[in-house]
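Residue numbers (my numbering): 313 to 572.
Backbone N, C-alpha and C fix where the C-beta goes; we use that ideal spot for every residue, glycine too.
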């Protein structure tokens with residue numbers, strides 16, 4: 313009986329040792345916040361090169377995000393506002409430092425014509441920091457400060473170097489239930505398109521599109537009511553940049569060869 317008990321103790325010890333040995337590698341793969349979502353670089357038919365090549369012409373940054381949340385803040389000159397914010401992280405898995413100059417635009421498909429641009433609101437950002445990063449460890453940046461330094465490339469087989477930021481909006485239509493957030497600046501990919509009726513050529517940028525829906529009552533907006541609607545999408549979206557007329561002919565063959 314003593315021998316059986318020793319065998320059981322040894323077997324239990326061995327199982328525990330194996331579990332502890334495997335845990336670090338499993339933990340790195342699964343150590344994700346339940347609300348954290350990944351938006352890895354994906355190919356689009358309009359890409360002019362393979363985005364996964366280290367020496368390719370197009371680079372794309374990795375993006376992680378959390379479902380949007382709301383926070384109520386007294387904003388100087390505006391009064392008490394319900395603000396939306398998107399906490400995110402950017403990781404550079406390319407072979408060179410990349411400067412991320414973000415442009416966050418929210419549109420409401422069920423309320424056509426409404427477009428909201430991310431704003432830098434220091435009072436709101438400080439309130440968000442107290443909730444999301446009270447110790448200051450993440451050093452959450454806004455859309456201006458995150459562009460002040462290039463994001464260094466993460467080393468292969470090492471823990472990725474993530475830069476944390478936040479995008480902020482206020483005065484979102486309380487009657488809107490569907491939202492799309494377009495994130496530009498994560499890639500240098502672009503294409504040309506002709507916009508009717510005068511067929512002016514405009515630049516379209518490779519852009520990340522994230523779709524969300526809101527549940528619950530319109531005037532009782534709670535953080536947990538905003539949900540991501542998968543999948544993430546990488547699209548080419550028109551910008552305000554218009555190609556000068558004198559440069560358009562040189563680009564015409566390239567436009568004619570766009571993938572169908």
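Identified DSSP bridge partners for residue i
| i | result |
| --- | --- |
| residue 416 | 495 |
| residue 548 | 518 |
| residue 461 | Paired residues: none, contrary to the question. |
| residue 428 | 418 |
| residue 513 | 506 |
| residue 525 | 490, 539 |
| residue 423 | Looking at the DSSP assignment, residue 423 forms no beta bridge with any residue, so it has no partner. |
| residue 447 | Residue 447 pairs with nothing; no bridge assigned. |
| residue 480 | 397 |
| residue 475 | 402 |
| residue 435 | Answer is none; residue 435 lacks a bridge partner. |
| residue 453 | 477 |
Member of the options whose CA lies at the smallest distance from the CA of residue i
| i | options | result |
| --- | --- | --- |
| residue 418 | 467, 388, 491, 405 | 491 |
| residue 547 | 500, 392, 474 | 500 |
| residue 519 | 442, 458, 412 | 412 |
| residue 485 | 394, 406, 543 | 394 |
| residue 458 | 477, 444, 438, 506 | 477 |
| residue 359 | 349, 352, 371, 351 | 371 |
| residue 409 | 348, 439, 350, 464 | 464 |
| residue 388 | 437, 406, 473 | 437 |
| residue 416 | 544, 454, 407, 350 | 454 |
| residue 537 | 361, 544, 552, 396 | 396 |
| residue 420 | 483, 365, 369 | 483 |
| residue 368 | 444, 406, 354, 356 | 406 |
| residue 386 | 439, 472, 445 | 439 |
| residue 444 | 347, 552, 460 | 347 |
| residue 373 | 456, 462, 422, 542 | 462 |
| residue 456 | 356, 542, 422, 479 | 479 |
Nearest-angstrom beta carbon gap, residue j and residue i [assumed within contact, 8 angstroms]
| i | j | result |
| --- | --- | --- |
| residue 481 | residue 431 | 7 angstroms |
| residue 497 | residue 434 | So it is not a contact: roughly 21 angstroms between Cβ atoms. |
| residue 550 | residue 495 | Residue 550 to residue 495, Cβ: 15 angstroms. No contact. |
| residue 384 | residue 392 | 6 angstroms |
| residue 505 | residue 517 | Contact doesn't hold; Cβ gap of about 11 angstroms is too wide. |
| residue 540 | residue 390 | So it is not a contact: roughly 28 angstroms between Cβ atoms. |
| residue 475 | residue 351 | Going by Cβ atoms, the distance from residue 475 to residue 351 rounds to 15 angstroms, so no, they are not a contact pair. |
| query | Quick one: complete beta strand (DSSP E) runs, 3+ long, within the region 340-416? | reply | For the region 340-416, whole beta strand (DSSP E) runs of length 3 or above, ordered along the chain, are 348-351, 374-378, 381-387, 391-403.
| query | Taking three-plus beta-carbon pairs below 8 angstroms as touching, is the region 442-453 in contact with the region 417-434? | reply | Short answer: they don't touch.
| query | So does the region 475-495 actually touch the region 513-526, counting three or more Cβ pairs closer than 8 angstroms? | reply | The region 513-526 and the region 475-495 touch, with three or more beta-carbon pairs separated by less than 8 angstroms.
| said: Whether or not the region 398-405 and the region 372-385 are in contact is what I'm after, with contact meaning three or more pairs of Cβ atoms, one per stretch, closer than 8 angstroms; do they touch? | reply: Below 8 angstroms, enough C-beta pairs join the region 372-385 and the region 398-405 to call them touching: three or more.
| field | Inter-stretch contact at 8 angstroms, needing at least 3 Cβ pairs: the region 505-516 / the region 457-471 | value | Here the region 505-516 does not lie against the region 457-471, with fewer than 3 beta-carbon pairs under 8 angstroms apart.
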